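Colleague:
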Amino acid sequence: MPVYTYSNIKDDVNGLIGKRIDSLSDARRTINRGVRYVIGNVDLRSTKRTSTLDPKLFNDVFQYASPTDMKADRLIDVIPQVNRTDDWEPILTTQEEFDRRKFIDKMLVAFSDDSFTRKVLLSIDVDDDALVLSTLDATNSGGGSWGGFGDGENLTADSDNFVKGSASINWDIGSGGGTTAGIVNSTMDEFDYSDYVAAGSAFVWHYIQDITDITNLILVIGDDGSVNYKITITTQHDGTAFRNGWNLLRFDFSNAVKAGSPDETAGVYIAVYMTKDSGKVSETDYRFDHIILRRGKINDLLYYSKYGWQTSGGTWIENSTVDTDLLNFDTEEYDLAVLKAAEFAALELKDRPLTSDYKKEYTEMRDQYKIEHPSEAKMLETTWQNV
């Protein structure tokens, strides 16, 4: 538990600048700037955090939500909660190299950043139980026959645009003006999904031609249209919004609404469809591909946080807002923040001798800290491509 508050560092900085802190335009802003600088400059032992990967780690599922407070790419480890083997050693690489190697090299990790949305990219083999319900390579994949649900119509096998196998199921939105559209199969070969209801997820790829007027996506699995589990989602697997093109959808059974008493050992019914505006009509070339159930494995991410503070209630934050906020710095780290904040304060006061003194003292203390507490973050590894 941290012990130094904003009030503590403010008092110490005030002492170093000759009791002139009231002459600063905004003392809190200056101190926050100093803390952020130290956080960015040093991998502090006290800012190491563990966050459970959300969702669980799955085979052949590569994108996951990143902790909001992860500092740049300062990942220390990906840790199975149980049964770690001695060869479990994730390798940090670039987003581009990850994308090239993800199917052939395992134990890879990278980060993607797009429009301020960060994702963790993971290609790691796990002992992940899986059950393919339908490859959706044809309109009879998985037994029975796939047909339109709601305004869904004109189902065909599409061998030109697919994700897995040899094809996807292509379908259109008709002109009916209903509020649902998708595909359904009520006479599939019987499948036992009982092992997945407690803690499993269903995955399916969905090609969206136009996201306009789509409210959510729904998966129904069970005996028929009345006795089943129904799961509704509003984002892709990784928590980002639906987009035009291919979307990986994840339906967690933990969020399912149960209707009746489905026979989990003899499922024959699956429907996957969108809820839409009634005016969304006469659109072509939507697709679904590869419906699979997975259980996944729980893993933790160990990383350095970019948040230098926490509230008195224990919530980690990037900047202090009240005097009772606590600094996430241990004893040997605290003076780094004091010195850097004092340097910035002296600079604002145009006191060049103090600015120079505290900059020098900070640099010496930082270098000594790095010797005594070297960073544990993974080094980026890349390979050269011969052209």
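Positions in the sequence shown are counted from 1; adding 7 to them yields our numbering. All C-beta atoms, glycine included, are put in the ideal place defined by N, C-alpha and C. Since this is a predicted model, take the numbers as computed values, not measurements.
According to DSSP, simplified to helix, strand and coil, what is residue 251?
Modeller: If DSSP states are grouped into helix, strand and coil, residue 251 belongs with coil.
Colleague: Using the Cα positions of residue 135 and residue 200, report the straight-line distance between them to the nearest angstrom.
Modeller: Taking the straight line joining both Cα atoms gives about 15 Å.
Colleague: Rounding to the nearest angstrom, what Cα-Cα distance links residue 137 and residue 368 in this structure?
Modeller: The alpha-carbon atoms of residue 137 and residue 368 are separated by roughly 57 Å.
Colleague: Quick one: what's got a C-beta closer than 7 Å to residue 258's C-beta in the same chain, skipping five residues either side?
Modeller: 208, 209, 226, 238 and 240.
Colleague: Which residue's Cα is closest to the Cα of residue 100: 92, 171, 113 and 161?
Modeller: Comparing Cα positions, the closest option is 113.
Colleague: Taking three-plus beta-carbon pairs below 8 Å as touching, is the segment 140-158 in contact with the segment 270-279?
Modeller: Touching, yes.
Colleague: Using C-beta distances below 6 Å, list every residue in its chain close to residue 44, excluding the 5 sequence neighbours before and after it, in chain order.
Modeller: Cβ within range, chain order: 347.
Colleague: Between the segment 103-117 and the segment 278-294, can you find at least three pairs of beta-carbon atoms closer than 8 Å?
Modeller: Taking 8 Å as the limit for Cβ pairs, the verdict is that the segment 103-117 does not touch the segment 278-294.
Colleague: Among the residues of its own chain, which have a CB less than 8 Å from the CB of residue 324, if the five just before and after it don't count?
Modeller: So the qualifying residues of the chain are 314, 316, 317, 318 and 332.
Colleague: Helix, strand or coil: how does DSSP classify residue 104 here?
Modeller: Helix at residue 104.
Colleague: DSSP three-state call for residue 171: helix, strand or coil?
Modeller: Residue state, collapsed to three classes: coil.
Colleague: Taking the alpha carbon of residue 42 as the reference point, which residue from 357, 312 and 63 has its own alpha carbon closest?
Modeller: Taking only the C-alpha atoms, the option nearest residue 42 is 312.
Colleague: Am I right that residue 184 and residue 285 are in contact with their C-beta atoms under 8 Å? What's the rounded C-beta distance?
Modeller: About 5 Å separates the two Cβ atoms, so the contact holds.
Colleague: Would you mind stating whether residue 382 and residue 158 have Cβ atoms separated by less than 8 Å?
Modeller: No. Outside cutoff.
Colleague: Is the segment 299-313 in contact with the segment 55-67, if contact means three or more CB pairs nearer than 8 Å?
Modeller: Yes, the segment 299-313 is in contact with the segment 55-67.
Colleague: Is the beta carbon of residue 81 less than 8 Å from the beta carbon of residue 176?
Modeller: Taking 8 Å as the Cβ cut-off, residue 81 and residue 176 do not qualify as a contacting pair.
Colleague: Ends of the beta strand (DSSP E) at residue 160?
Modeller: Counting along the chain, the beta strand (DSSP E) containing residue 160 begins and ends at 159-165.
Colleague: Which residue or residues does DSSP assign as beta-bridge partners of residue 188?
Modeller: Note: residue 188 sits in a beta bridge opposite 157 and 281.
Colleague: Is it buried or exposed for residue 269, if we count other Cβ within 10 angstroms and need 16 for buried?
Modeller: That one is buried.
Colleague: Taking the beta strand (DSSP E) that residue 229 belongs to, which residues open and close that run?
Modeller: That run of the beta strand (DSSP E) goes 221-229.
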